[in-house]
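First comes the structure, then the notes that go with it.
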Amino acid sequence: MESDYLQPIYLIDFYKVGHIDQYPAGITQIWSNWTPRTTRIKDQRTVVHFGLQYFIKKILIEAFEEEFFKQSLDEVIKHYSAVMQATLGLQKPRTDHIAALHKLQYLPLDIYSIPEGNSTPLNSPSVVLTNTHPDFFWLPNYFETMLSAYLWKPSTSATTAQRFRALFEKYARESGETDFSFIDWQGHDFSMRGMSGIEDAILSGMGHLTCFSGTDSLPAILAANQYYDAGLSCGGSVPATEHSVMCAGGQDGEFETFRRLIEDIYPTGIVSIVSDTWDLWQVLTDYIPRLKQTILARNGKVVIRPDSGVPDLIICGNETAEGPARKGVIQLLAEALGTKPNTTSGGTALPLINNGGAIYGDAISYERADKILSGIVAKGLSPYNMVFGIGSYTYEYVTRDTYGFAMKATATRQNGQIIPIFKKPVTDTGGKFSHKGIPVVTGESGKYVVSEQSLPEDLDRCAFEKVFSDGKLLVDNSFSTIRSRVRADL
């Protein structure tokens, strides 16, 4: 078996163990829903629904099959009993429900979902779960912890990526661009090293890939391919240096390092060179002009990467500074290499730097990207001269509460009768209430309308799709389909 802590039956908060005994007698079915209830992002009123298929395939199908159903019943119960005795102090922990689930050999759940990649308004459910076997009424909310842990981050990161892409498209349109293909690479995922573990980086990285192709989070590409049939070309990167490479040649040999990279190692294709190991301004006013003819003769951009300082001042210039810093990276590159008409949009767009550009990936936020693009356009240059490394400063600086994600039970079947249930704390300051009864949604992406206290059969005739039933995946979304949905809501 896998490591004990990864066995799916244990991917819970402890209090889930006792809930089977705490529900009132006569309950045979529970309906629960997953909903983004609030926002901490100004003017953001919708949230991208993404990550459910990964969770279903990886946990509900693969993990339960290999680490639960295929294990011997005796070993499963023996181990479960030992864990509960040691951790909860239960002398005779209840195991009959775990044994019954093992004997059933599948998860008796129906999962309904809006199409993955669509956007849901705040307080509109994106997922509804219910049990399909009366003995397993305890199961829907047993999955609350693991579903929450697997869903909130990819949805949040996909929403973040969607916001960035909308920003980039806004500046592209305003500067005369009609070809948006460059934007696929204008947002580049730099976050992996700063995420809370590899799977967190994968979940977030796949969310990024819904809107962009540029990424340095390699496992996210592999996961998107495995769980969404994305193809290995769904993301990619370019050759790039780090400070260890630039330092290794010594400060006195830095120009030679630049020359060797541009002429010998990468004579063609894009190459990104970190340029502030010592003196960024010397690179831009000395090295680049000396290498101008080599750069212009190459088939592919030389991309300058600053990695320190205040991003917008480094890129766009600091009016209070003296010398090259007053102009900033983009203007100095344009002066060193010259500019050319931007023909991708019929020659009406702002000009591009000749065979050059910049990327900045230190502490980039939505607001900083906005400020940088505004500054570049104000200089009369195309926003396509700039690429952003979107790192953990953005993708990790969030929580489940960024969009108030929660899974709540809102209806039960008790003694044959459907009973709407809900929470509405008198002490709530906003967002802690739940829906009442079985919720269904109608309408289209980003504009769903919720109807409460619906009938069970209404779940099959609304905007929800039944994506999972009794251990089987019913809807297998391709990554290209999800990308199309996410981008349609820009």
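Read in order, the letters of the sequence shown correspond to residues 1 to 490 in my numbering. Just so it is clear, CB atoms sit at the ideal spot from N, CA and C, and this is done for glycine as well.
Terminal residues of the continuous beta strand (DSSP E) containing residue i?
i	result
F405	F405 to Q414
P121	S119 to P121
T46	T46 to V48
Once DSSP output is grouped into helix, strand and coil, what is the label at residue i?
i	result
H491	A query on residue 491 cannot be resolved here, the shown segment of the chain reaching from 1 to 490 and no further.
T294	helix
I114	coil
D360	According to the sequence provided, residue 360 is Tyr. The question's Asp does not apply to it. The answer is strand: DSSP assigns Y360 an E or B state.
A224	helix
A240	strand
I41	coil
T285	helix
I27	strand
L52	helix
V310	coil
G235	coil
M195	coil
L11	coil
T402	helix
D229	coil
D4	helix
K57	helix
F69	helix
P140	helix
G323	helix
Y395	helix
F180	coil
Which residues bound the alpha helix (DSSP H) around residue i?
i	result
R163	E144 to E174
D74	L73 to L88
I519	Here the chain has residues from 1 to 490 only, and residue 519 is not among them.
F255	E254 to R259
D96	D96 to L104
CB of residue i to nearest heavy atom of the ligand COA: below 8 Å?
i	result
V377	The model depicted lacks the ligand COA and carries no ligand whatsoever.
Taking DSSP's pairing of strands, which residues face residue i in a bridge?
i	result
S217	None, per the DSSP bridge assignment.
N131	L109
D189	T215 and I390
R305	V274
S32	L129 and A409
T268	N299
Only counting runs of 4 or more residues, tell me where the alpha helix (DSSP H) segments fall wholly within the stretch 414-489, in order along the chain. Listed in chain order, they are 479-488.
Jot down the residue ranges of each uninterrupted beta strand (DSSP E) in the stretch 326-387, minimum 3 residues, whole runs only, in chain order. Look at the stretch 326-387 and you find these whole runs of beta strand (DSSP E), each 3 residues long or longer: 339-342, 349-353 and 356-360.
Would you be able to state if there are at least three C-beta pairs under 8 Å between the stretch 105-121 and the stretch 458-477? yes
When you compare the stretch 416-435 with the stretch 47-54, are there three or more beta-carbon pairs, one atom per stretch, that lie closer than 8 Å? Judged by Cβ distances under 8 Å, the stretch 416-435 makes no contact with the stretch 47-54, as fewer than three pairs qualify.
Is the stretch 269-286 touching the stretch 328-335, taking contact as three or more C-beta pairs under 8 Å? Contact holds between the stretch 269-286 and the stretch 328-335, because three or more Cβ pairs, one in each stretch, are under 8 Å apart.
If contact is defined by three or more beta carbon pairs under 8 Å, each pair taking one atom from either stretch, is the stretch 297-310 in contact with the stretch 271-279? Touching, per the Cβ criterion.
Taking 8 Å as the threshold, find out whether the stretch 412-429 comes into contact with the stretch 362-371 through three or more Cβ pairs. no
Taking contact to mean at least 3 C-beta pairs separated by less than 8 Å, is the stretch 373-392 in contact with the stretch 186-203? yes
Pairs of beta-carbons, one from the stretch 154-165 and one from the stretch 59-67, closer than 8 Å: are there three or more? no
Is it a yes or a no for the stretch 405-412 touching the stretch 82-94, going by three-plus beta-carbon pairs under 8 Å? No contact exists between the stretch 405-412 and the stretch 82-94.
Decide yes or no for the touch test of the stretch 143-160 against the stretch 34-48: beta carbon pairs closer than 8 Å, at least 3 of them. yes
Would you be able to state if there are at least three C-beta pairs under 8 Å between the stretch 193-207 and the stretch 375-382? no
At least three beta-carbon pairs within less than 8 Å, the stretch 30-37 to the stretch 124-143: At 8 Å Cβ cutoff, the stretches touch.
Are there three or more Cβ pairs, one per stretch, closer than 8 Å when the stretch 347-358 is compared with the stretch 175-189? yes
For the stretch 136-154 against the stretch 73-81, do three or more pairs of beta-carbon atoms, one drawn from each stretch, fall closer than 8 Å, so that the two count as touching? no
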